[in-house]
Amino acid sequence: MINLFNAQIESLSIHRVGNKSRNEGLFLSASPYNLEDEIKPLIKEFFLKPFREKEENYYQFSHETDLEFNELYNLANAIFDSPDLAHDVSKKITTLLFEQSAHPHIKSGEVYVVYFENMQLDNIKMPAIGIFKSELKHDFLQFEEKGSVLDMIVQQGINLNKLDKGALIFNTGRDEGYKILSVDSNRYDTKYWLENFLGVDVLADDNYHTKNYLNFCKNFAKDVVLPAEDKKEEVMFMNRSMDYFAKNDKFEESNFLNSVIDNPQLVPEFQNYKTEKAPKYKIEDLSDFSIANTAVTAARKKIKSVINLDTNIQIKLDFINPESAEKFVEKGWDEEKQMYYYLVYFNKEEKS
């Protein structure tokens, strides 16, 4: 888990890359940018805000390529080994990005290479390298006094609330290829940033395994539990699944199935579904792993625990206390009305 609050910008280099297919050039600043105190908190927020708002899905330098020949990996090594060389190395990083900027869709923009201190990852302080790119320009208004009136001037600039592309390379896991976070707000050129420039693979850590397995469970509930049972059981299966992940440090599949599946006939259905769908969710050989709490928290926000009825009524079940729905909600059939019903038991109404 990352904590960016105490991160400090030790050096900042700003360059510009154009699009090679449009014969746009490359501009490399001769010296690092002298960051003044009033700008520092604004630019730090510009760089780091997207990473606080994003799920922590980590990457690492691709294992398909010998790390000795991964140029960006070697450039990161050079900065971590000698931070005073960060600006000189930033020119090589920007040139490397420029060489990947040949597709007609690639936009020109400013490139920022930052050396950070006091990044905190899994409660350990460490340096990190930030590589960011701003591409889209936005219109904004400036006002100037001219005589007795205010004159309105239209200018273009960068929106500090939206970073187009960014990567944080943490100084950990060097032998395996460093731990990396990436953001990209533009979807038309994802290969350009992640694959061609960064050259990364997904880091298959506990966070990755937890996220994938919960996503698999969500789709099993929708594809198998719902048709075999009903909406309540679909929601309850996910409630019990989330409860299991929230209360355990380790995942063990047989124990998980015993905890979350009430209907024994669904156990072989689960195994068959896993055999069929496992490659899609990257869980082929996954039957035990350490549970990552950050992934559980992120998944809980996305999973709906609401039963929507065609009579314009919603029943919301509780993820935190799934046993309540088991004890106090019953489903039945009314012969006279020829309709299903839910019977809900309670002692008193809670004040909102």
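Numbering (this note's numbering) for the sequence shown: 41 to 392.
Note that the Cβ used here is the ideal one computed from N, Cα and C, for glycine as well.
Check your understanding: Between Leu68 and Lys131, which are expected to be in contact by the criterion C-beta below 8 Å, what is the C-beta distance as a whole number of angstroms?
Key -> 5 Å
Review point. Nearest-angstrom Cα distance between Lys290 and Lys322?
Key: 18 Å
Practice item. State the Cα-Cα distance for the pair Met282 and Cys257, rounded to the nearest angstrom. Key: Cα to Cα, Met282 sits roughly 10 Å from Cys257.
Review point. Which one of Gln378, Phe172, Val336 and Pro319 has the shortest CA to CA distance from Arg280?
Key: Checked all of Gln378, Phe172, Val336 and Pro319; the closest Cα to Arg280 is Val336.
Point to revise | Lys251 burial status per 10 Å Cβ neighbour count (16 or more: buried) | key: buried
Check your understanding: DSSP three-state call for Ile198: helix, strand or coil?
Key -> coil
Point to revise | Within 7 Å, strictly: CB atoms of Phe86 and Leu200 | key: Yes.
Review point. In the DSSP assignment, what are the bridge partners of Asp128?
Key: According to DSSP, Asp128 bridges with nothing at all.
Point to revise | Burial state of Met379 (16 or more Cβ within 10 Å) | key: exposed
Point to revise | Residues near Lys181 by beta carbon distance below 8 Å, same chain, minus five either side | key: Residue identity check: residue 181 is Leu in the sequence provided, not Lys. Counting only Cβ-Cβ distances below 8 Å, and skipping sequence neighbours, we find Met192, Ile193, Val194 and Gln195.
Practice item. Would you identify the three-state DSSP class for Gln140, choosing helix, strand or coil? Key: coil
Practice item. Apply the 10 Å Cβ neighbour rule to Thr351 and answer buried if 16 or more other Cβ atoms are within range, or exposed otherwise. Key: exposed
Check your understanding: Which two residues bound the contiguous beta strand (DSSP E) that contains Glu370?
Key -> Val369 to Asp374
Point to revise | First through last residue of the beta strand (DSSP E) which encompasses Val154 | key: Looking at the DSSP string, the run of the beta strand (DSSP E) that includes Val154 is Gly149 to Leu161.
Point to revise | Supposed contact pair Leu44 and Glu238 - C-beta distance, whole angstroms, cut 8 Å | key: Note that residue 238 corresponds to Leu in the displayed sequence, not to Glu. In fact, because the Cβ distance is near 20 Å, the residues do not count as touching under 8 Å.
**Study point:** Burial state of Glu376 (16 or more Cβ within 10 Å)
**Key:** exposed
Review point. If you draw a straight line from the C-alpha of Lys205 to the C-alpha of Ala261, how long is it?
Key: Going from the Cα of Lys205 to the Cα of Ala261 covers about 35 Å.
Exercise for review: Could you pull out every residue in the same chain whose Cβ sits closer than 7 Å to the Cβ of Leu107, ignoring the five residues on either side in sequence?
Suggested key: For Leu107, the pLDDT reaches just 49, beneath the cut-off of 50, and the residue's location in the model is therefore unreliable, leaving the point undetermined.
**Study point:** Straight-line Cα distance separating Asn259 from Leu326
**Key:** As the crow flies, the alpha-carbon of Leu326 is around 17 Å from that of Asn259.
Review point. Residues in its own chain within less than 6 Å of Glu175 by CB, not counting five upstream and five downstream?
Key: Lys147, Gly149 and Asp204, listed in sequence order.
Review point. Glu175 by DSSP, collapsed to three states: which one?
Key: Coil at Glu175, not helix or strand.
**Study point:** DSSP-derived helix/strand/coil call for Met278
**Key:** helix
Check your understanding: Per DSSP, Asn348 forms a beta bridge with which residues?
Key -> Gln354
Practice item. Tell me the start and end of each unbroken beta strand (DSSP E) in the segment 314-345 that is at least 3 residues and wholly inside, in chain order. Key: 328-330
Review point. For the candidate residues Pro144, Ile42 and Glu324, whose alpha-carbon lies nearest to that of Leu161?
Key: Comparing alpha carbon positions, the residue from Pro144, Ile42 and Glu324 closest to Leu161 is Ile42.
Exercise for review: In the DSSP assignment, find the unbroken beta strand (DSSP E) run with Tyr99 in it and report its ends.
Suggested key: Tyr99 to Phe101
Exercise for review: Pick helix, strand or coil for Asn110, following the three-state DSSP scheme.
Suggested key: Secondary structure of Asn110 (DSSP, three-state): coil.
Review point. Helix, strand or coil: how does DSSP classify Met234 here?
Key: According to the sequence shown, residue 234 is Leu rather than Met. Correct three-state label for Leu234: helix.
Point to revise | Within 7 Å, strictly: CB atoms of Ile198 and Ala207 | key: no
**Study point:** Close Cβ partners of Lys84 (< 8 Å) along its chain, the five nearest in sequence each way excluded
**Key:** These residues qualify, in order along the chain: Ala47 and Ile49.
Check your understanding: With DSSP run on the structure shown, which of helix, strand or coil describes Lys70?
Key -> Just to set this straight, residue 70 is Ala in the shown sequence, not Lys. Three-state DSSP puts Ala70 in coil, outside helix and strand.
Exercise for review: Pick helix, strand or coil for Lys84, following the three-state DSSP scheme.
Suggested key: Three-state result, Lys84: helix.
Check your understanding: For Asp121, which option in Ile79, Pro167 and Leu266 has the closest C-alpha, if you only look at C-alpha atoms?
Key -> Ranking Ile79, Pro167 and Leu266 by Cα distance to Asp121 puts Pro167 first.
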